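Okay, so here's the structure we're looking at.
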Amino acid sequence: MKIQSIMMGICLIGNGQMVMAAPVTQNQPTQPSHEMCSVIPKGIFSYGYTDFNFDSTEGLNYLKFQGHSNLFSVGADNIELMPTLYAGVSLFQVNTSMDWQMAVIPGDDSSNSQNIQNNSIFGHVLKQFNSNFFVDVAGAYGRNRISSNVITINTPAPEFGSAIYHNDNWLAGVNGIYRQTYNQFDATASIGYLYSQINSPSYNFTVLSPATVLPVEPLTNEVSMITENLEIGDHIRPATRVFINGGLFQVVEFSNSRPVLFTPTVGVLPQLFVDQSGFRLGAGVGVNFHDLNFRLEEKYYNAGNVFTSWQTLATVQWMLD
């Protein structure tokens, strides 16, 4: 049961910030399918770097943003609760920086720089029915600190504004996972459901000149989606595994509690707030060295051809038994 990026942010689905459990330590040599998988407790440390871009233009109106995020996580997995029932827990920190530009005609062009600091706890419980089939239930809670600076141009005097506020994010998901091995090859497929909720309280937006305080109403954003994922690996050497993976995600429900112009500002993972279905692709390599396992992966994420991102994710696991 290897924690890997089947769903992210958040902290996931295609972009590694939110992770769900996969059924086995996939960089280990394959086992006969009639045997139950070897489950060894392990510690996990991950680092991910993501570049992202959003571009939506219609006539003279446009909304664009671009930025990057750094993800750090540490945790433990394969904790046996009882035979064939296992759990894992991880702590995440995700720091996101973005710049965006917006024009709504008639109106003034504006630009924004924004920093979001997220701290989250993630947990999951995985049930092993046999060596091939697993069901995983996962959840996460996070706290965001959002700092935003805005400048409005095309006016007689540019206007500057800023705000600092906090909000909370919840994630919950369930996955059915199927794994099959054949000689040196392995394949893991999953289908799942992900629900995300962001709760932003009311806060004040301060315009510097003239000095004005503008109240911002509370906002609740809810997203649910269906995800399908597949990873295929080849143990080219006893301690080395190369792999490719991909997935689809379909937004089945998207709602905001009030009208908004720019929903990605409410959370650390903007891909969850653009209301677009899409796909992801990835490839990488895993290497075992004694009780350590190293995994390096590059992932591409595309939501409706308006949001795209590239992520590099490095993970180190060490066996605790």
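The numbers in our numbering rise by one with no breaks, and the one at position 252 of the sequence shown is 291.
Yeah, the Cβ is synthetic: ideal placement off N, Cα and C, and Gly gets one too.
Predicted model, so just to flag it, every value in this text is computed and none were measured.
**Request:** For K166, count neighbouring Cβ atoms within 10 angstroms of its own Cβ and tell me buried if that reaches 16, exposed if not.
**Result:** Taking the sequence shown and counting its residues from 1, one reaches residue 166 at position 127. Burial call: exposed.
**Asked** Do G323 and E337 have their CB atoms nearer than 8 Å?
**Response** Taking the first residue of the sequence shown as position 1, residue 323 is located at position 284. Taking the first residue of the sequence shown as position 1, residue 337 is located at position 298. Yes, Cβ-Cβ distance for G323 and E337 is below 8 Å.
**Item:** Validate contact between the stretch 104-111 and the stretch 133-141 using beta carbons, cut 8 Å, 3 pairs
**Value:** yes
**Request:** With DSSP as the reference, label E261 as helix, strand or coil.
**Result:** As a first step, residue 261 must be located in the sequence shown, where it is residue number 222. DSSP places E261 in strand when its eight states are reduced to three.
**Item:** Sub-8 Å separation of Y180 and Q350 beta-carbons
**Value:** Position 141 of the sequence shown, counted from the start, is the residue given in the question as residue 180. Position 311 of the sequence shown, counted from the start, is the residue given in the question as residue 350. Going by C-beta atoms, Y180 is not nearer than 8 Å to Q350.
**Request:** Give the secondary structure of F161 by DSSP, where H, G and I count as helix, E and B as strand, and everything else as coil.
**Result:** Counting from 1 along the sequence shown, the entry for residue 161 is found at position 122. Correct three-state label for F161: strand.
**Prompt:** Which residues in the same chain as N157 place their Cβ atom closer than 6 Å to its Cβ, once the five residues preceding and following it in sequence are excluded?
**Reply:** What you label residue 157 is simply residue 118 of the sequence shown in a count that begins at 1. Result list for N157: V133, G181, N183, V307, in chain order.
**Request:** Could you tell me which of G215, A126, L320 sits nearest to Y232, measuring between CA atoms?
**Result:** Counting from one through the sequence shown, the residue named residue 232 turns up at place 193. Closest option to Y232, Cα to Cα, is G215.
**Prompt:** Name the DSSP beta bridge partners of T354, please?
**Reply:** The residue you call residue 354 lines up with position 315 of the sequence shown. S85, R334.
**Asked** At what residues does the beta strand (DSSP E) containing P80 begin and finish?
**Response** Your numbering for residue 80 matches position 41 in the sequence shown. Unbroken run through P80: none, as it is neither H nor E.
**Message:** Measuring CB atoms only, is the stretch 267-275 touching the stretch 233-245, in the sense that at least three cross pairs come out at less than 8 Å?
**Reply:** no
**Request:** Measure the Cβ-Cβ separation of G178 and A126 and say whether it is below 8 Å.
**Result:** Numbered from 1 along the sequence shown, position 139 holds the residue referred to as residue 178. Numbered from 1 along the sequence shown, position 87 holds the residue referred to as residue 126. Taking 8 Å as the Cβ cut-off, G178 and A126 do not qualify as a contacting pair.
**Prompt:** Is it right to say F199 is buried, meaning 16 or more other beta carbons lie within 10 angstroms of its own, or is it exposed?
**Reply:** Along the sequence shown, read from residue 1 onward, the residue named residue 199 stands at position 160. Exposed.
**Asked** Where does R276 land, buried or exposed, given buried means 16+ other C-beta within 10 angstroms?
**Response** For the purposes of this step, residue 276 is taken as residue 237 along the sequence shown, with counting starting at 1. Label assigned to R276: exposed.
**Prompt:** Does the distance from the CB of I237 to the CB of N222 come in under 8 Å?
**Reply:** As a position in the sequence shown, residue 237 is number 198, starting the count at 1. As a position in the sequence shown, residue 222 is number 183, starting the count at 1. No, they are not a contact pair.
**Item:** Range of the contiguous beta strand (DSSP E) that encloses V315
**Value:** The residue given as residue 315 occupies position 276 in the sequence shown. Here residue 315 turns out to be Gln, not Val, going by the sequence shown. Careful: Q315 lies outside any beta strand (DSSP E) and carries neither H nor E.
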